Each structure stands twice: as C-alpha cells, then as structure tokens.
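Asker: My questions all concern the structure below.
Numbering (the numbering used here), first residue to last: 82 to 289.
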C-alpha cells in the first residue's frame, strides 16, 4: 500500500466523519443536554465500538452478518430498541439530566460511555461501512492485506475520534449558557430523548 493510497483513504475518512450520522447525533445529543464530559464519554465509547467493527470486518464476521438477512435484521432491531429505550428514559425523566459531582458523576459518565459503545456496536450500518470501504484501498495482490486493513481501520478510527472531540468541544461551548438555566436544561434533555427515539425509528426502518 503506497503513501498516496493511505493519504487518500485518510482524506476520504475525514470527509465521511464530518457528515453527521447516528453516532455523531448521539454524542451531540449528550453534549448539548449534559455537557462536554458527557459528550466525550459518548465519543470514546463510540470509538471503542468502532474497533469492534474493525476487527469483525477484518476477520470476516461483518460480511457474514450482512449476508444473512435474519442476522442483519436481528442486530438492527436490537440496536433500534436500545436507542428507543434511551430516548424514552430521557423523555420520562422528571428533571434535567445534568449530573452532580463526585461518585454519581463518575458512574453516570461510565454509563454514557457504554451506551455509546453499544449504540455503535448494534448499528449494522457501521459494519457495512467497514466492509464496503476498507477493501477499496487494498490491492488484491497485497502481500499483507490484513496488516494494511488494520492500519486503514485504525487511521479511520483516529480521524473519527478527533472529529468527534472537535464536535463535542464546539457544541459544549455553544450551549454551556443554556444548560445553566434549569428550565432550558430540562427542555434540552427532552429534546435529546426525542432525538434518540428518532434515531431508533430510523435504524429500525433502514435496509442494506
């Protein structure tokens, strides 16, 4: 794999990462409603989930799942149900979701991290992304295809986490004043819940 091919892939990954998708909307929803720490927790959880998809794509597991209509549908519905559940919890909460300091805050951030992780892992569209994109940049005669596929995937994930962090810092800065107002903070939490429900419904209706 040449340097030119590698840089071309990095450029393509950057363009794709800049376009908001379900993962980006998930972390932005967390950031706007709960602040920078929540957004970063979601971003790192999503990024860890991306590595699961990368390993699955390189080992061929993603291709098997995507080739099976039943397996694809099962993963899709589980992911949609999970997002719908998160959204419903936020909509039914009686106050804002801005959490306090100390152990409660740390526990909440860990929960958001794993929510981001599951949100990404249970999205079959992410699996399709890796299976469809990575092989386009590796030659059929490549002497080390697995190594190069992993290198491309890691580069894509590094671009993804950098983009996510930039979005989180920007969104947190733009909405910090709004979150200080309790009434607006409650409204933002409800809006986040509605967003998650919408993402769940969108995922449930998507096809390969």
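Even glycine gets a Cβ: it sits at the ideal position worked out from N, Cα and C.
Only a predicted model underlies this, so the values are computations on that prediction, with no experimental measurement involved.
Does the separation of the CB atoms of residue 245 and residue 124 fall below 8 Å?
Answerer: To locate residue 245, count along the chain shown from 1; it is residue 164. To locate residue 124, count along the chain shown from 1; it is residue 43. Yes, these two residues count as a Cβ contact at 8 Å.
Asker: What number of angstroms, rounded off, separates the C-alpha of residue 86 from the C-alpha of residue 233?
Answerer: Within the chain shown, numbered from 1, the residue matching residue 86 stands at position 5. Within the chain shown, numbered from 1, the residue matching residue 233 stands at position 152. If I take the Cα positions, the gap works out to 10 Å.
Asker: According to DSSP, is residue 225 helix, strand or coil?
Answerer: Residue mapping note: residue 225 aligns to position 144 of the chain shown, counting from 1. Coil at residue 225, not helix or strand.
Asker: What ranges does the alpha helix (DSSP H) occupy inside the stretch 85 to 145, keeping only unbroken runs of at least 4 residues that lie completely in it?
Answerer: DSSP runs (the alpha helix (DSSP H)) wholly in the stretch 85 to 145: 103 to 115, 117 to 140.
Asker: Could you tell me if residue 225 is buried or exposed, where buried requires 16 or more neighbouring beta carbons within 10 angstroms of its beta carbon?
Answerer: For the purposes of this step, residue 225 is taken as the residue at position 144 of the chain shown. Exposed: under 16 other Cβ atoms inside 10 Å.
Asker: With a CB to CB cut of under 8 Å and the five nearest residues on each side skipped, what residues in its chain are close to residue 279?
Answerer: To locate residue 279, count along the chain shown from 1; it is residue 198. The residues are 168.
Asker: Determine the DSSP secondary structure at residue 203, reduced to helix, strand or coil.
Answerer: Within the chain shown, numbered from 1, the residue matching residue 203 stands at position 122. The answer is coil: DSSP assigns residue 203 none of H, G, I, E or B.
Asker: How would you call residue 208, buried or exposed, if buried means at least 16 neighbouring beta carbons within 10 angstroms?
Answerer: Position 127 of the chain shown, counted from the start, is the residue given in the question as residue 208. Classification for residue 208: buried.
Asker: If you draw a straight line from the alpha carbon of residue 218 to that of residue 137, how long is it in whole angstroms?
Answerer: The residue labelled residue 218 in the question sits at position 137 within the chain shown. The residue labelled residue 137 in the question sits at position 56 within the chain shown. Going from the Cα of residue 218 to the Cα of residue 137 covers about 18 Å.
Asker: Whole angstroms are fine: how far does the CA of residue 116 sit from the CA of residue 188?
Answerer: Walking along the chain shown from the start, residue 188 turns up at place 107. Walking along the chain shown from the start, residue 116 turns up at place 35. In a straight line, the C-alpha of residue 188 is about 15 Å away from that of residue 116.
Asker: Assuming the contact rule is C-beta atoms closer than 8 Å, residue 197 and residue 108 should be a hit. Round their C-beta distance to whole Å, please.
Answerer: As a working mapping, residue 197 is identified with position 116 in the chain shown. As a working mapping, residue 108 is identified with position 27 in the chain shown. Indeed they touch by this definition, with Cβ atoms about 7 Å apart.
Asker: For a quick check, are the C-beta atoms of residue 211 and residue 105 less than 8 Å apart?
Answerer: Numbered from 1 along the chain shown, position 130 holds the residue referred to as residue 211. Numbered from 1 along the chain shown, position 24 holds the residue referred to as residue 105. No, they are not a contact pair.
Asker: Contact check, residue 190 vs residue 118 under 8 Å by CB: the rounded distance?
Answerer: Here residue 190 corresponds to residue number 109 of the chain shown, with the count starting at 1. Here residue 118 corresponds to residue number 37 of the chain shown, with the count starting at 1. Yes, they are in contact, since the Cβ atoms of residue 190 and residue 118 sit about 6 Å apart, within 8 Å.
Asker: Could you check what DSSP says for residue 240 in three-state terms: helix, strand or coil?
Answerer: In the chain shown, the residue the question calls residue 240 occupies position 159. Three-state result, residue 240: helix.
Asker: In chain order, what residues of the same chain lie with their CB nearer than 6 Å to the CB of residue 202, ignoring the 5 residues before and after it?
Answerer: As a working note, residue 202 is residue 121 in the chain shown. These residues qualify, in order along the chain: 130, 133.
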